[in-house]
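Structure first, then comments.
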Amino acid sequence: MKKILYNISLVGIFMMLLSSCDLDLQTDYDYSQKVDDPHINMTAWEYVASNEDNLSLLKEALEYTGVDEYYKQTEHQYTFLLLNNTAMKAFMESKGVTEISSCDMLELKNLLLYHIVSGRYSSYGELDVEPRFVITMLSGEEGLMTMNVWKNPWQAAVGKIVINQTGSNSKAHQCKSVTTNIMPTNGVMHIFEDYSYYKK
215 MKKILYNISL VGIFMMLLSS CDLDLQTDYD YSQKVDDPHI NMTAWEYVAS
265 NEDNLSLLKE ALEYTGVDEY YKQTEHQYTF LLLNNTAMKA FMESKGVTEI
315 SSCDMLELKN LLLYHIVSGR YSSYGELDVE PRFVITMLSG EEGLMTMNVW
365 KNPWQAAVGK IVINQTGSNS KAHQCKSVTT NIMPTNGVMH IFEDYSYYKK
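Under this note's numbering, the sequence shown has 290 at position 76, and the numbering climbs by one with no breaks.
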């Protein structure tokens, strides 16, 4: 009985395989290579405001401190280092608070000004693999920052923007972007999951 069932199942499988031979051959597909356009037709502020899922705490912090004016203006080109909700929560936890409105306004404003760089810096030829000092909107020694493009043998990390690469800016905290080269009408944006600061 087992042998008969085995033979019937083999014949059934064989018949199914034969019936699939009537399928048409796959047609050729003409691949056309293209790169996504990083330009978006909005200001940095409009981008932040439209990404409530990921940037709601940054939006709230910008409005609370008045730093949103940098994001709204169109006269100057800036590199905006956007701190996503993960980065903003890490900052708030380090200060022992759970709400943006509970943060010390000057400390929060300094953090946000530190993450705005004068000029456009992207991985499209404007930054090298060697760290370079850039001018942040936070004046004085606390505003010192280096930026560079991350290059290594692992393709997943190539092209990320690194701020304060270890050893390039005293003991400043190193951060790597999670999203790079978003081009609003008033500069360029990179998104980070951690915040940075200058430290001697």
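All residues carry an ideal CB built from backbone N, CA and C; glycine is no exception.
Pair within 9 Å by beta-carbon distance, residue i and residue j
i	j	result
ILE375	ILE254	no
LEU271	LEU297	yes
LEU327	ALA275	no
MET403	THR288	no
CYS280	LYS323	Here residue 280 turns out to be Gly, not Cys, going by the sequence shown. Closer than 9 Å, so yes.
TYR409	ALA386	no
LYS365	VAL331	no
VAL262	TYR285	yes
TYR338	MET361	no
LYS273	GLU266	yes
Simplified DSSP assignment, three categories, for residue i
i	result
VAL262	helix
MET397	strand
ILE375	strand
MET359	strand
VAL392	strand
MET256	coil
Per-residue burial, residue i [other beta carbons within 10 Å of its own, 16 or more giving buried]
i	result
THR241	exposed
LYS309	exposed
My parser needs the alpha helix (DSSP H) runs of 4 or more residues fully inside the region 280-349; what are they? 282-286, 299-308, 319-328
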